[in-house]
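To start, the structure under review is shown below, and the notes come after it.
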Amino acid sequence: MSLNDTERAVLLRAGDAELTLRPDQGGRISSLRVRGDELLRQGERYGSFVMAPWCGRLGYGRFRNGGRMVQVPTDPGPHALHGTVRRRPWRTVTATTASAVLDHALTGPWPYAGTVTQEAELAESGGSLTLRLGVETAGDSFPAQAGWHPWFLRRLTPGGEGVRVDFAADWQEERGPDHLPTGRRIDPLPGPWDDCFGMNDGVRVTLTWPGRLELTVTARTTWCVIYDEQEEAVCVEPQSGPPNGLVTHPRLVTPLEPLEITTTWAWRPLS
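Under my numbering, residue 326 is the last one in the sequence shown; the count climbs by one each step, no gaps.
Structure follows, in structure tokens:
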């Protein structure tokens, strides 16, 4: 990293783990190294970014809040993707050796004032990472979602064996030709996936890099998107609602009730 990049980055360390946060790149985790192995795909689009105030695809960029129809800009293609905060600068609120808090004030094109806060904390042992997200309003109530979009490397070493993704889902959200959930819940299908799964007892997905590392993603939420259609990386995305959830499963953020979600990534070496 250049000197300017170092000044913008927030580096956390515990045990054999090192984590880098980039407030200047949407508050994303740009690097997670365990025992020297980089776990996340590198680049400004990758790492692990926050999805808020919606997750995944928002159909045609439209949702209703009470009697108001809201339109936000769409990405290439017909839908709006992954919220507004991943491409905006964040602020470092606090940072210690092993934990940090970042926040971002919601601005246009999102029409409601509020704040998104992310806390990252490495366990003292260096064996896990806990991430917490909060979405608060600064005035009017609005529907919102929050979650994470990590890009885990498929291989930790050149020529290494590819990662295995294991999970047990209670259902899969059927995906229509427009890539939005149809509202039907179907039995989980074999991959490859770009799909949302429902897990009634909370998200639990294990990634295994044979002979090197096992990492388990858990979250006290029902929905998780699994994406494994790229050669370089796989994504395991715990989120507070399904794609297009501002329309189909609206969760209202009010002055008395913020939206909060937590995920933990725990790992253990296999060698």
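Glycine included, C-beta positions come from ideal geometry on N, C-alpha and C.
| Asked | Found |
| --- | --- |
| Close beta carbons around L58, own chain, < 8 Å, minus the five adjacent residues each side | Confidence at L58 is low in this model, with a pLDDT of 33, below 50, so its placement is unreliable and the value that follows should be read with caution. No residues qualify anywhere along the chain. |
| CA nearest to the CA of M106, picked from L87, A199, P78 | A199 |
| Cβ-based neighbour list, D283, same chain, cut-off 7 Å, excluding 5 preceding and 5 following | V220, G246, P247, W248, V289 |
| According to DSSP, residues forming a beta bridge with G182 | BP columns for G182 are empty, so no partner. |
| Neighbourhood of D60 by C-beta distance below 7 Å, restricted to the same chain and skipping five residues each side | With a pLDDT of 43 at D60, under the threshold of 50, the modelled position of that residue is not reliable, and the figure given next carries that caveat. Excluding positions up to five away in sequence, the list is empty. |
| Residues near E286 in its chain [Cβ-Cβ closer than 7 Å; skip 5 each side] | R209 |
| Opening and closing residue of the alpha helix (DSSP H) in which L301 lies | 300-303 |
| Minimum C-alpha distance to Y115 - residue among H234, G202, G98 | H234 |
| Limits of the unbroken beta strand (DSSP E) element including H159 | 154-161 |
| Three-state secondary structure assigned by DSSP to P313 | coil |
| Cβ-Cβ separation, V308 to L262 (assumed contact under 8 Å), whole Å | Not really, about 31 Å apart at Cβ, beyond 8 Å. |
| Residue of S103, F222, A69 minimising C-alpha distance to W278 | F222 |
| Supposed contact pair F197 and Y167 - C-beta distance, whole angstroms, cut 8 Å | 4 Å |
| Beta carbon proximity, T75 to chain C, threshold 9 Å | Going by chain labels, chain C is absent from the structure shown, which holds only one protein chain. |
| Bridge partners - C290, DSSP secondary structure assignment | W206, Y282 |
| Contact belief for I281 with V291 at Cβ below 8 Å, rounded distance in angstroms | 6 Å |
| Candidates G111, T151, R77, V171: closest to L314 by CA position | V171 |
| Same chain, Cβ closer than 6 Å to E99, neighbours up to 5 away in sequence not counted | Q80 |
| Beta-carbon proximity of W322 to G214, cut-off 9 Å | no |
| Within 9 Å, strictly: CB atoms of Q173 and W145 | yes |
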